[in-house]
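S.K.: Shown below is the structure under consideration.
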Amino acid sequence: MIPCHVASHWVLLVGNLKGKYWDFYDSLPNPMHKSSLRENIRFLHEDRAEVLPGDISDWPIHTVEGLPTQDNGNDCGIFVMKYMEASLGKDPVDWTRHTSWAKEMPRIRAEIVATLLQTFQTSLLTENGFLCIKLMLCLEPKLWQHLNIDQQI
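Written out as structure tokens, the structure is:
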């Protein structure tokens, strides 16, 4: 799994070693995003050739269809994290079960912040701690009550 930043947008590439192809996940579908990936793949091949099976730069790129998509220009990174999370299982993902991510974004952000706070609770003066605080300020108070954040840290 390789998160890629192309044209000010985060997308996800997942290499299939057996099938020798790439799966491409894009929450804001745009042909320009896919066309920019070859350079990233070539860089990865050159940088990690000793541990990769053959020339990965020639593998075809398959666009994963039916993905949940974002409804703004800001949530691409969170969608990449959710694509990664959903794709970690052994069974194929039924993307129709995940169509409400854009509507659930405040809750998803709150869950991410809760995880970050739990992980970095002893070092809130780090860069990650400041990120947590910044994200906390963006969330609605009712979401904090739902997650019982004050009891978790």
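Position one of the sequence shown corresponds to residue 1 (the UniProt record's numbering), numbered consecutively onward.
Every residue gets a Cβ at the ideal spot worked out from N, C-alpha and C, and that includes glycine.
#1: Rank Glu46, Val80 and Asp23 by C-alpha distance to the C-alpha of tryptophan 59 and give the top, closest one.
#2: Which residue comes first and which comes last in the alpha helix (DSSP H) that contains histidine 45?
#3: Determine the extent of the alpha helix (DSSP H) in which leucine 52 is found, giving its start and end residues.
#4: On the DSSP bridge list, what partners appear for tryptophan 101?
#5: Does lysine 103 get closer than 9 Å to chain B when you measure Cβ to Cβ?
#6: CB-CB under 7 Å to alanine 7, same chain, minus the five flanking residues each way: which ones, in chain order?
#7: With the cut-off set at 9 Å, would you say leucine 12 and valine 80 are in Cβ contact?
#8: So which of Thr69, Gly15, Ser100 and Leu28 has the shortest CA-CA distance to histidine 45?
#9: What does the alpha-carbon distance come out to for the pair lysine 82 and lysine 18?
#10: What is the rounded straight-line gap between the Cα of arginine 42 and the Cα of arginine 48?
#11: For the alpha helix (DSSP H) holding valine 80, just list the boundary residues, first then last.
#12: Taking contact to mean 3 or more Cβ pairs, one atom from each stretch, closer than 8 Å, check whether the segment 65-81 and the segment 94-108 are in contact.
#13: Which whole-angstrom value is the C-beta distance of proline 106 and threonine 69, which I expect to be below 8 Å?
#14: Just the Cα atoms here: how many angstroms apart are leucine 88 and aspartate 71?
#15: Within the same chain, show all residues whose beta-carbon is closer than 7 Å to that of isoleucine 61, passing over the 5 residues directly before and after it, in chain order.
#16: What residues in its chain sit with their C-beta under 8 Å from that of methionine 84, if we drop five residues either side in the sequence?
M.R.: Taking the coordinates as given:
#1: Closest by C-alpha distance to tryptophan 59, out of Glu46, Val80 and Asp23, is Asp23.
#2: 37-48 is the extent of the alpha helix (DSSP H) around histidine 45.
#3: In this chain, leucine 52 is not harboured by any alpha helix (DSSP H), its DSSP state being neither H nor E.
#4: Looking at the DSSP output, tryptophan 101 shares a beta bridge with no other residue.
#5: This model lacks chain B altogether; it includes just one protein chain.
#6: Taken in chain order, the residues that qualify are Met32, His33 and Ser36.
#7: Contact: yes.
#8: Comparing Cα-Cα distances from histidine 45 to each of Thr69, Gly15, Ser100 and Leu28, the minimum goes to Gly15.
#9: Lysine 82 and lysine 18 have their C-alpha atoms roughly 24 Å apart.
#10: Looking at the two C-alpha atoms, the distance is approximately 10 Å.
#11: Start and end: 76-87.
#12: With a cut-off of 8 Å, the segment 94-108 and the segment 65-81 count as touching, because enough Cβ pairs lie within range.
#13: Going by Cβ atoms, the distance from proline 106 to threonine 69 rounds to 17 Å, so no, they are not a contact pair.
#14: Approximately 24 Å, taken between the alpha carbons.
#15: Excluding residues within five positions, the ones whose Cβ falls inside 7 Å are Trp22, Phe24, Lys34 and Leu37.
#16: So the qualifying residues of the chain are Met1, Pro3 and Leu12.
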